[in-house]
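Here the structure comes first, spelled out in structure tokens, and everything after it is commentary.
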Amino acid sequence: MSEETPPELDLTGEWDAAREARTVKDRVYEVATTLTSPTAVTEIAERADCTKEGARPHLEWFVELGVLEKVADNPALFVRNEAYFAFRRVTELTREFETADAVADAIEEYRERERTLAASFEAASPAAVVLSDTDHDDLDAAYDTLSEWRAVTRRLRELHEAKLRLESDSEPAPASSFP
0 MSEETPPELD LTGEWDAARE ARTVKDRVYE VATTLTSPTA VTEIAERADC
50 TKEGARPHLE WFVELGVLEK VADNPALFVR NEAYFAFRRV TELTREFETA
100 DAVADAIEEY RERERTLAAS FEAASPAAVV LSDTDHDDLD AAYDTLSEWR
150 AVTRRLRELH EAKLRLESDS EPAPASSFP
């Protein structure tokens with residue numbers, strides 16, 4: 000019996016080649032998706048490894064698409080459009096679950112997890128929690144629990160929206176009053 004040697008893999012080289020093959024538009028988009036506070040073109044261009052002149056038309060195009068919001072003109076400041084990304088997350092959920100009943104099952108699972116997480120705090124919602132006022136001995140663990148509660152709450156909102164979309168898509172079209 001002969002032993003076969005595994006093929007040579009150069010994953011680092013493949014990763015580097017893929018990164019270098021990205022266009023300016025791709026790099027600007029990658030940066031754009033992370034802009035949670037108003038950011039100047041200069042900083043975006045630096046992070047995207049391009050010039051301001053190279054980044055600017057792509058930023059304007061992403062504003063037209065709704066990916067970004069332009070919050071100031073002089074200097075131009077951009078921030079990610081959270082509504083766009085929320086819409087995309089809900090759209091992905093409708094594709095993933097396909098039926099309102101499947102989403103309803105997921106909602107029940109998330110509600111149960113939300114109840115469990117909420118029991119860790121004496122608050123009606125994650126937004127009402129002040130970690131320094133909690134009785135938790137381990138603040139890091141409390142922070143992790145609170146972060147998970149926030150994520151579960153957000154996912155529940157998205158699941159409800161996906162369920163509404165799927166229900167509205169499955170409703171029969173109203174009868175036309177035209178012959």
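With the first letter of the sequence shown counted as 1, position 15 gets the number 14 in numbering that gives the first Met the number 0; the numbers rise by one all the way through.
Ideal Cβ placement from N, Cα and C applies to all residues, glycine included.
A quick note: this is a predicted structure, and the numbers were derived from the prediction, not measured.
Would you kindly report the start and end of the unbroken beta strand (DSSP E) that includes Phe77? 75-79
Host beta strand (DSSP E) of Val70 (start-end): 67-72
Applying the criterion that 16 or more other CB atoms from any shown protein chain within 10 Å of the CB defines a buried residue, is Thr144 buried or exposed? buried
Report the rounded CA-to-CA distance for Val129 versus Ala140, giving the unit in angstroms. 14 Å
Report the rounded CA-to-CA distance for Arg114 versus Thr152, giving the unit in angstroms. 10 Å
On the three-state DSSP scale, how would you describe Ala123? coil
Name the two residues that bound the continuous alpha helix (DSSP H) containing Ala105. 99-117
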